[in-house]
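Q: Take a look at the following structure, please.
Number of protein chains: 4
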Amino acid sequence: MSERDLGKADTGGAHLHRLVLFSDAVFAIAITLLAIEIHPPEHWRGVSDLFRQMWPKLAAYAVSFAVIGVCWFSHRRVFARLVRADGGLDAFNFIVLGLIALLPLATELLWEQRGGQALPVYVGHVALIGLAMGLVWAYAAFVGKLAEPMPLGEALYVLVRVTLLPGLLCGLSIYSLIYPWGWALIAVVLLGLNWIGRRLAGPKAA
Amino acid sequence: MSERDLGKADTGGAHLHRLVLFSDAVFAIAITLLAIEIHPPEHWRGVSDLFRQMWPKLAAYAVSFAVIGVCWFSHRRVFARLVRADGGLDAFNFIVLGLIALLPLATELLWEQRGGQALPVYVGHVALIGLAMGLVWAYAAFVGKLAEPMPLGEALYVLVRVTLLPGLLCGLSIYSLIYPWGWALIAVVLLGLNWIGRRLAGPKAA
Amino acid sequence: MSERDLGKADTGGAHLHRLVLFSDAVFAIAITLLAIEIHPPEHWRGVSDLFRQMWPKLAAYAVSFAVIGVCWFSHRRVFARLVRADGGLDAFNFIVLGLIALLPLATELLWEQRGGQALPVYVGHVALIGLAMGLVWAYAAFVGKLAEPMPLGEALYVLVRVTLLPGLLCGLSIYSLIYPWGWALIAVVLLGLNWIGRRLAGPKAA
Amino acid sequence: MSERDLGKADTGGAHLHRLVLFSDAVFAIAITLLAIEIHPPEHWRGVSDLFRQMWPKLAAYAVSFAVIGVCWFSHRRVFARLVRADGGLDAFNFIVLGLIALLPLATELLWEQRGGQALPVYVGHVALIGLAMGLVWAYAAFVGKLAEPMPLGEALYVLVRVTLLPGLLCGLSIYSLIYPWGWALIAVVLLGLNWIGRRLAGPKAA
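Here the protein sequences come in this chain order: A, B, C and D.
Per the numbering used here, the very first residue in the first sequence carries number 19; after that it's consecutive.
Per the numbering used here, the very first residue in the second sequence carries number 19; after that it's consecutive.
Per the numbering used here, the very first residue in the third sequence carries number 19; after that it's consecutive.
Per the numbering used here, the very first residue in the fourth sequence carries number 19; after that it's consecutive.
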């Protein structure tokens with residue numbers, strides 16, 4: 019590798035660093051804005067009445083906070099595997115951020131329940147974020163060659179994991195609020211993914 | 019330590035760095051959003067009338083600003099002792115951030131005083147933040163082994179301090195607005211904690 | 019270069035770093051605030067009705083998100099060529115940030131369509147951002163000597179590109195929503211700029 | 019200097035770095051929130067009518083944007099002279115940030131003009147920010163010994179400059195909107211400060 023190439027790699031690294039900081043800022047703002055549309059009720063008597071009235075909003079807040087948390091976690095893991103950035107990564111990452119920034123709106127939809135189908139819209143939105151994150155990884159790993167070298171199997175595993183996890187976890191979590199044994203399903207999914215991840219990482223560690 | 023382990027430690031360090039930046043962004047946004055629900059009164063005549071009308075909101079703002087300041091201070095001190103991060107730390111830290119982001123709502127509750135028990139709800143909320151911060155430290159120091167090596171006594175002291183300080187300071191501060199000698203209690207608590215902290219750090223420095 | 023000069027260059031580098039982080043934060047907040055004025059409709063029946071009612075707002079959101087994306091991209095490319103910062107750069111960069119922070123307002127103007135000329139005001143606003151970015155680059159490259167050394171032709175090319183791109187892309191994109199062959203114009207502009215950029219960079223690479 | 023001292027200095031450096039990033043985030047959010055209370059007018063006909071109606075809000079926005087810009091500039095220059103941070107610096111810096119975060123509220127006061135004395139309240143608020151910034155510098159330079167070594171005269175000059183500049187510039191700028199020769203006063207103040215600054219830095223450079 020010539021010095022010029024090294025220089026270019028460095029630039030790509032600084033680009034990656036700035037992209038990560040920018041994404042973090044958008045995640046942090048979206049997660050904090052989730053709360054600002056929540057206001058105290060007009061009238062309330064005592065703590066238990068306050069919580070009874072605010073329950074739907076606080077539950078929707080907690081769900082969305084967890085959703086953005088899972089997405090941030092996915093985003094961090096994807097970007098930890100990258101070594102540089104380019105314009106294409108910027109563009110696909112912007113789609114993810116654009117959907118993340120809309121989550122406060124989807125959350126408002128969820129707690130207001132003015133229309134009958136707020137829940138599928140919300141879960142669909144979260145699934146879309148997963149899909150966009152999958153696009154980011156697919157572009158970075160297979161098109162832009164921005165990731166550190168890894169076996170194809172691992173790259174595909176990351177793709178499946180990143181694409182499906184947000185929608186799956188969100189759908190199952192809400193499902194679990196109605197049918198308690200949904201939590202068992204979530205545990206199975208997480209343990210299964212963990213097991214596949216370890217099996218894929220295993221030979222490398224040996 | 020093999021090269022691979024070093025690599026893993028590095029990754030944990032980058033993870034820690036990104037987690038700290040993300041947390042800082044949430045703290046900064048929450049602290050700035052405290053002010054945006056405050057609006058000037060409809061009618062006012064002269065500066066003194068303006069302050070008389072805005073007094074409750076500005077006082078609640080100052081209290082919440084100080085609360086987030088103390089929490090940020092605690093958070094900074096906890097994370098300065100960590101050397102790496104993992105998924106569990108992410109999760110517990112997210113609970114802290116979720117409670118911090120709700121503080122503008124609790125502040126609104128405080129200044130509106132529409133229900134009779136806004137004050138205990140607010141102090142309870144702040145105490146909960148301390149508890150969550152305690153969980154972060156307990157996980158990092160005792161479960162995840164993410165902290166730099168330190169004597170058990172010091173780790174336990176940090177735990178107690180981080181868990182109790184926010185709620186205690188907040189409760190005592192508000193108490194002091196009514197009973198002026200509450201300030202003396204605060205001074206005693208802070209000096210006492212400082213004294214214990216120095217005694218614990220003492221043998222190491224000797 | 020004496021040690022003192024090195025020290026000054028270092029300071030300029032830290033200054034540049036802090037300026038970039040500050041700008042990124044403003045971009046990230048503006049891009050996330052685009053969404054918070056969007057609220058769900060009062061009444062809606064089913065998913066398709068929801069999207070029919072929210073369509074104008076979501077379209078305006080997508081356009082503005084893309085606009086800030088393009089501006090961030092331009093900003094990143096300009097600042098990647100700088101090696102230090104000074105007070106003049108601060109001032110010109112603040113004009114850019116001031117216009118970026120107004121974009122949520124211009125977006126609201128766009129989707130409300132209460133007056134007849136919201137579209138030209140919006141495109142004019144975006145063109146103004148390009149102009150301000152051009153000022154930043156002109157100051158940095160020609161007055162403050164803050165950029166890394168490069169041929170005059172390349173510096174002028176960056177100036178033209180940075181100044182015209184935001185307004186041109188935004189105008190053509192909106193135009194393309196009405197006349198589909200506007201997309202071909204965009205492709206021509208982007209390919210043309212790319213071709214000139216490569217020709218300018220070409221001799222250096224040879 | 020022993021290794022332990024070095025370690026402490028390092029920790030102070032990391033502390034300083036985190037404090038600067040945190041402050042930048044608050045500045046960036048406050049500056050961006052200035053715009054979100056501005057909404058388009060209910061009815062407007064054509065571009066000139068739009069600007070005629072929005073003129074007071076846009077002017078107040080521009081003034082506040084410039085004020086935060088000047089404060090950020092002061093803050094950056096103060097913190098560029100520091101080598102480490104401590105708890106006292108945190109506390110004084112928090113007062114600055116608390117006042118900065120209230121500036122969107124003061125700006126709203128300014129453009130609504132519901133009371134007769136919005137202007138002196140606003141200028142007083144800005145002057146208070148300068149005072150708080152002066153406290154930060156006085157603590158850092160004279161009490162906490164957190165600054166790099168410099169002659170006493172220079173430290174005092176920074177103190178005067180940082181304390182008076184925001185209020186002075188803001189007061190004179192608004193004054194200049196009424197009496198145009200106020201701009202000449204601003205030029206005199208800036209040139210005078212620049213001249214003193216150079217004379218103080220002069221002997222060092224010789």
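The beta carbon of each residue, even a glycine, is placed where N, CA and C say it ideally should be.
(1) Evaluate contact between the stretch 94 to 101 of chain B and the stretch 61 to 81 of chain B, counting only Cβ atoms and requiring at least three cross-stretch pairs below 8 Å.
(2) The alpha helix (DSSP H) with Gly152/A in it runs from where to where?
(3) At the level of alpha carbons, what is the spacing between Leu203/B and Leu211/B?
(4) Looking at the structure shown, is Arg36/B part of a helix, part of a strand, or coil, going by DSSP?
(5) Enumerate in chain order the residues of its own chain whose CB-to-CB distance from Phe160/C is below 8 Å, with the five nearest sequence positions on each side excluded.
(6) Could you give the C-beta distance for Ser82/D and Leu121/D, rounded to a whole number, given that I count them as a contact under 8 Å?
(7) Does any residue of chain B have a CB that is nearer than 9 Å to the CB of Gly106/D?
(8) For Ala165/A, name the three-state secondary structure that DSSP assigns.
(9) Contact criterion: CB-CB distance below 9 Å. Does Pro184/B meet it with respect to chain A?
(10) When the Cβ atoms of the stretch 63 to 74 of chain C are set against those of the stretch 36 to 49 of chain C, are three or more pairs found closer than 8 Å?
(11) Given that a residue counts as buried once 16 or more other Cβ atoms are within 10 Å of its Cβ, and exposed if not, what is Gly105/C?
(12) Can you find a heavy atom of the ligand ADP that lies under 8 Å from the Cβ of Gly31/B?
(13) Quick one: which residues of the stretch 148 to 170 of chain B get their C-beta closer than 7 Å to a C-beta of chain A? List them in chain order.
(14) Say whether chain B places a C-beta atom closer than 9 Å to the C-beta of Tyr79/D.
(15) Would you say Arg216/B faces chain D, with C-beta separation under 9 Å as the test?
(16) So, is the C-beta of Ile118/B closer than 9 Å to a C-beta in chain D?
(17) With 9 Å as the threshold, decide whether the Cβ of Arg94/A is near any Cβ in chain B.
(18) For Ala165/B, collect the residues of the same chain with a Cβ closer than 6 Å to its Cβ; drop the 5 residues on either side in sequence, then sort them by chain order.
(19) Could you check whether Leu187/A and Val207/A sit closer than 9 Å to each other, using their CB atoms as the reference points?
(20) Distance cutoff 9 Å, beta carbons only. Does His33/A sit that close to anything in chain C?
(21) Work out the CA separation of Ala205/B and Gly215/B for me, nearest whole Å.
(22) On a CA-only basis, which of Ala80/A, Ala124/A, Pro184/A and Trp90/A is nearest Leu76/C? Give me that one, please.
(23) In or out: Gly152/B buried (at least 16 other Cβ within 10 Å) or exposed?
(24) If we ignore side chains and look at the alpha-carbon of each, how far apart do Ala46/C and Ala80/A end up?
(25) Quick check on DSSP: helix, strand or coil for Leu100/B?
(26) Would you say Thr50/B and Val88/D are within 9 Å of each other, going by their C-beta atoms?
(27) Show which residues of chain A have a CB atom less than 8 Å away from the CB atom of Pro74/B.
(28) Is there a Cβ from chain E that is less than 9 Å from the Cβ of Phe112/A?
(29) Quick check: is the beta carbon of Val38/A nearer than 9 Å to any beta carbon in chain B?
(30) Taking only the alpha-carbon atoms, compute the straight-line gap between His143/A and Gly171/A and give it to the nearest angstrom.
(31) His78/C to Ala119/C, Cα distance in whole Å?
(32) Check each candidate in Gly200/B, His33/B and Phe110/B and name the one with the smallest Cα separation from Val154/B.
(33) With 9 Å set as the bound, which would you pick, yes or no: does the beta-carbon of Pro58/D sit closer than that to a beta-carbon of chain C?
(34) Rounded to whole angstroms, what's the CA-CA distance from Asp67/D to Leu137/C? Just pull it up for me.
(35) What are the start and end residues of the alpha helix (DSSP H) that includes Phe110/C?
(36) Where does Trp129/D fall in DSSP's three states?
A: According to the structure shown:
(1) no
(2) Ala136 to Ala156
(3) 12 Å
(4) helix
(5) Ala173
(6) 6 Å
(7) no
(8) strand
(9) no
(10) no
(11) exposed
(12) Summarising the ligand content, the structure contains no ligands, and the ligand ADP is consequently not present.
(13) none
(14) no
(15) no
(16) no
(17) yes
(18) Arg99, Leu100, Ala158 and Ala159
(19) yes
(20) yes
(21) 15 Å
(22) Ala124/A
(23) buried
(24) 23 Å
(25) strand
(26) no
(27) Under the 8 Å cutoff, chain A gives no residues; its nearest Cβ is about 14 Å from Pro74/B.
(28) The chain inventory of the structure shown lacks chain E, comprising the protein chains A, B, C and D.
(29) yes
(30) 28 Å
(31) According to the sequence provided, residue 78/C is Ala. The question's His does not apply to it. Whole-angstrom Cα-Cα distance: 16 Å.
(32) Phe110/B
(33) yes
(34) 15 Å
(35) Gly105 to Ala119
(36) helix
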